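**Student:**
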Amino acid sequence: MTSSRPIHPIRGTIVAIFITSLITLTYLLLRTAHPPLADFTPNPLTIPLAPDIPPKIWYKLPPSGLSPNTHRWTSTCLDQNPHYRHEFLTDASADAFVSHTFASRPDLVTTYLSLNIPILKADLLRYLLLYAEGGIWNDLDVSCEGVPMDLWVPRAYRDVAGLVVGWEFEVGWEGEEDDFERQFASWVIMARPGLGQVWMVVEDILDGIAEVCGRNNVSVGGLGVGMVEDVVDFTGPTRFTRSVMRSLGETMGVEVDWMGLTRLWKPRLVGDVLIFPGYAFAKDANEYSEEEEKRLGQILVTHHYAGSWKNQLGSIEGALVEGYGQEQTG
Numbered sequence: 001m002t003s004s005r006p007i008h009p010i011r012g013t014i015v016a017i018f019i020t021s022l023i024t025l026t027y028l029l030l031r032t033a034h035p036p037l038a039d040f041t042p043n044p045l046t047i048p049l050a051p052d053i054p055p056k057i058w059y060k061l062p063p064s065g066l067s068p069n070t071h072r073w074t075s076t077c078l079d080q081n082p083h084y085r086h087e088f089l090t091d092a093s094a095d096a097f098v099s100h101t102f103a104s105r106p107d108l109v110t111t112y113l114s115l116n117i118p119i120l121k122a123d124l125l126r127y128l129l130l131y132a133e134g135g136i137w138n139d140l141d142v143s144c145e146g147v148p149m150d151l152w153v154p155r156a157y158r159d160v161a162g163l164v165v166g167w168e169f170e171v172g173w174e175g176e177e178d179d180f181e182r183q184f185a186s187w188v189i190m191a192r193p194g195l196g197q198v199w200m201v202v203e204d205i206l207d208g209i210a211e212v213c214g215r216n217n218v219s220v221g222g223l224g225v226g227m228v229e230d231v232v233d234f235t236g237p238t239r240f241t242r243s244v245m246r247s248l249g250e251t252m253g254v255e256v257d258w259m260g261l262t263r264l265w266k267p268r269l270v271g272d273v274l275i276f277p278g279y280a281f282a283k284d285a286n287e288y289s290e291e292e293e294k295r296l297g298q299i300l301v302t303h304h305y306a307g308s309w310k311n312q313l314g315s316i317e318g319a320l321v322e323g324y325g326q327e328q329t330g
């Protein structure tokens, strides 16, 4: 019969320390080679401004996915820009993106995740995406009109334009009854990541949500449609335009507003914001005379006004297209 010799207590301690040290060293080496995702979480106030607008198109899917129409419209932009990456975010992937990317701002993450009004959440998402990642935000009911996105920005402005927008209501709305505040179309926005103008939009929306919740004595989750007087003004194109103008004014040291920046026939650069005439992104929302029609430049997109945001559930009829909801190339 054989018997095993007992391990000396000191020798056993040395072996245990050696094994523990080896495991720790291995972990540290792996961690250095492959840092955890949390290490890459940017501070949303210090994301560096990129030198270019990234070639990526962003979309947000409703719960029901793409309809035949939205599938056809989005395909025009993807087919005309085959080298652009594109991503269709779902509710779940959008929540995950915001939670991870803005983890250093738990107040922002909590507000975003708590919103129960789909259009408010979708509006806030587009600005968060453009600030953190940059690229091109497209609504699902936008079709491209044959001009590759690489050629949208004139060569003279490509090195300086950080934000690219176009007027929605610009021509044909003059007169005392229609003397309203002009706004940029928000269904197509191009931006470099880290842009201060876009971050100001985010901050203003967060302030607006806090103000309305405080006035109604409700949490963000209790914010209802009836408490928001005007979605367009609260998180939509009017809010977007006003915040961008205010940011430009603070940066340039002068007051900047829409007056004097309309009736454009070609893109105009203000600071680092390139403003396109109404016909570029919103031809159908403007009324041009026969003579003015002859002066128009290239129509870049058509907005089909599907109006999915008017549905309280934020849905568009149609089945989810297989393969969407993740980043794709080509």
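Quick note on numbering: the numbering used here labels position 231 of the sequence shown as 231, and the sequence is numbered without any gaps. Virtual Cβ for every residue (Gly too), placed ideally from N, Cα, C. All figures in this text were calculated on a predicted structure; none of them were measured in a lab.
1. Might you give, ordered along the chain, the residues of its own chain that have their beta carbon closer than 7 Å to the beta carbon of LEU195, omitting 5 neighbours on each side?
2. Please classify TRP199: does DSSP put it in a helix, a strand, or coil?
3. What is the rounded straight-line gap between the Cα of GLY384 and the Cα of ASP107?
4. Determine whether the beta carbon atoms of VAL256 and LEU248 lie at a separation below 7 Å.
5. Please classify LYS294 as buried or exposed, where buried requires at least 16 neighbouring CB atoms within 10 angstroms.
6. Is the beta carbon of HIS303 less than 7 Å from the beta carbon of TRP187?
7. Out of THR90, THR101, ARG72, which one is the CA nearest neighbour of ILE47?
8. Drop a sphere of 10 angstroms on the beta-carbon of GLU250, count the other beta-carbons inside from all chains shown, and report buried for 16 or more, exposed for fewer.
9. Starting from THR235 and walking both ways along the alpha helix (DSSP H), at which residues does that stretch end?
10. Is LYS358 buried or exposed, if buried means 16 or more other CB atoms sit within 10 Å of its CB?
11. Please classify VAL225 as buried or exposed, where buried requires at least 16 other C-beta atoms within 10 Å of its C-beta.
12. May I have a chain-ordered list of the beta strand (DSSP E) segments no shorter than 3 residues that lie completely inside the stretch 248 to 288?
13. Looking at the unbroken beta strand (DSSP E) that takes in THR302, where does it start and where does it end?
14. By how many angstroms is the C-alpha of VAL202 removed from the C-alpha of SER143?
15. How many whole angstroms separate the CB atoms of LEU274 and TYR157, which I take to be in contact at a CB cut-off of 8 Å?
16. Between which residues of its own chain and ALA282 is the CB-CB distance below 8 Å, once the five residues before and five after are set aside?
17. Once you ignore the five residues that flank LEU113 on each side, which residues in its own chain have a CB closer than 8 Å to its CB?
18. What's the gap between the Cα of ALA103 and the Cα of SER289?
19. Going by other Cβ atoms of all chains shown within 10 Å of its Cβ, with 16 needed for buried, is HIS83 buried or exposed?
20. Where does ALA50 fall in DSSP's three states?
21. At the level of alpha carbons, what is the spacing between ARG72 and THR111?
22. Determine which residues share a DSSP beta bridge with LYS89 and list them.
23. How many angstroms separate the CA atom of PRO277 from the CA atom of ASN217?
**Tutor:** Taking the coordinates as given:
1. Counting from one through the sequence shown, the residue named residue 195 turns up at place 195. Hits under 7 Å: LEU49, TYR131, GLY162, LEU163.
2. Translated into positions along the sequence shown, residue 199 becomes position 199. If DSSP states are grouped into helix, strand and coil, TRP199 belongs with the helices.
3. With the chain represented from 1 up to 330, any question about residue 384 goes unanswered, as that position is not in the structure.
4. Position 256 of the sequence shown, counted from the start, is the residue given in the question as residue 256. Position 248 of the sequence shown, counted from the start, is the residue given in the question as residue 248. For VAL256 and LEU248, yes; Cβs fall inside 7 Å.
5. Along the sequence shown, one-based indexing puts residue 294 at 294. Counting Cβ neighbours within 10 Å, LYS294 comes out exposed, since fewer than 16 surround it.
6. Within the sequence shown, residue 303 is the residue found at index 303, counting from 1. Within the sequence shown, residue 187 is the residue found at index 187, counting from 1. The Cβ atoms of HIS303 and TRP187 sit closer than 7 Å to each other.
7. Taking the sequence shown and counting its residues from 1, the one referred to as residue 47 is at position 47. Nearest option by C-alpha distance: THR101.
8. Indexing the sequence shown from 1 puts residue 250 at position 250. The residue is exposed, with fewer than 16 neighbouring Cβ atoms inside 10 Å.
9. Numbered from 1 along the sequence shown, position 235 holds the residue referred to as residue 235. Run containing THR235: none; DSSP gives neither H nor E here.
10. Here the chain has residues from 1 to 330 only, and residue 358 is not among them.
11. Along the sequence shown, one-based indexing puts residue 225 at 225. So VAL225 ends up on the exposed side.
12. 268 to 270, 273 to 276
13. On the sequence shown, position 302 is the one that residue 302 refers to. Boundaries of the beta strand (DSSP E) harbouring THR302: 301 to 303, taken from the DSSP string.
14. Counting from one through the sequence shown, the residue named residue 143 turns up at place 143. Counting from one through the sequence shown, the residue named residue 202 turns up at place 202. Going from the Cα of SER143 to the Cα of VAL202 covers about 26 Å.
15. The residue given as residue 274 occupies position 274 in the sequence shown. The residue given as residue 157 occupies position 157 in the sequence shown. The C-beta distance from LEU274 to TYR157 rounds to 5 Å, short enough to meet the 8 Å contact threshold.
16. The sequence position of residue 282 within the sequence shown is 282, counting from 1. So the list reads GLY166, TRP167, GLU168, PHE169, GLU170, ALA185, HIS303, once near-sequence residues are dropped.
17. Here residue 113 is taken as the residue at index 113 of the sequence shown, counted from 1. Excluding residues within five positions, the ones whose Cβ falls inside 8 Å are ASP95, VAL98, SER99.
18. Your numbering for residue 103 matches position 103 in the sequence shown. Your numbering for residue 289 matches position 289 in the sequence shown. Rounded to whole angstroms, ALA103 to SER289 spans 51 Å at the Cα level.
19. Here residue 83 refers to the residue found at position 83 of the sequence shown. HIS83 is exposed by the Cβ-count criterion.
20. Taking the sequence shown and counting its residues from 1, the one referred to as residue 50 is at position 50. Residue state, collapsed to three classes: coil.
21. Translated into the one-based positions of the sequence shown, residue 72 becomes position 72. Translated into the one-based positions of the sequence shown, residue 111 becomes position 111. Between ARG72 and THR111, the C-alpha separation is close to 34 Å.
22. Working through the sequence shown from its first residue, we reach residue 89 at position 89. The question names Lys, but residue 89 is Leu in the sequence shown. Paired residue(s): LYS60.
23. Position 277 of the sequence shown holds residue 277. Position 217 of the sequence shown holds residue 217. Each residue's alpha carbon lies about 42 Å from the other.
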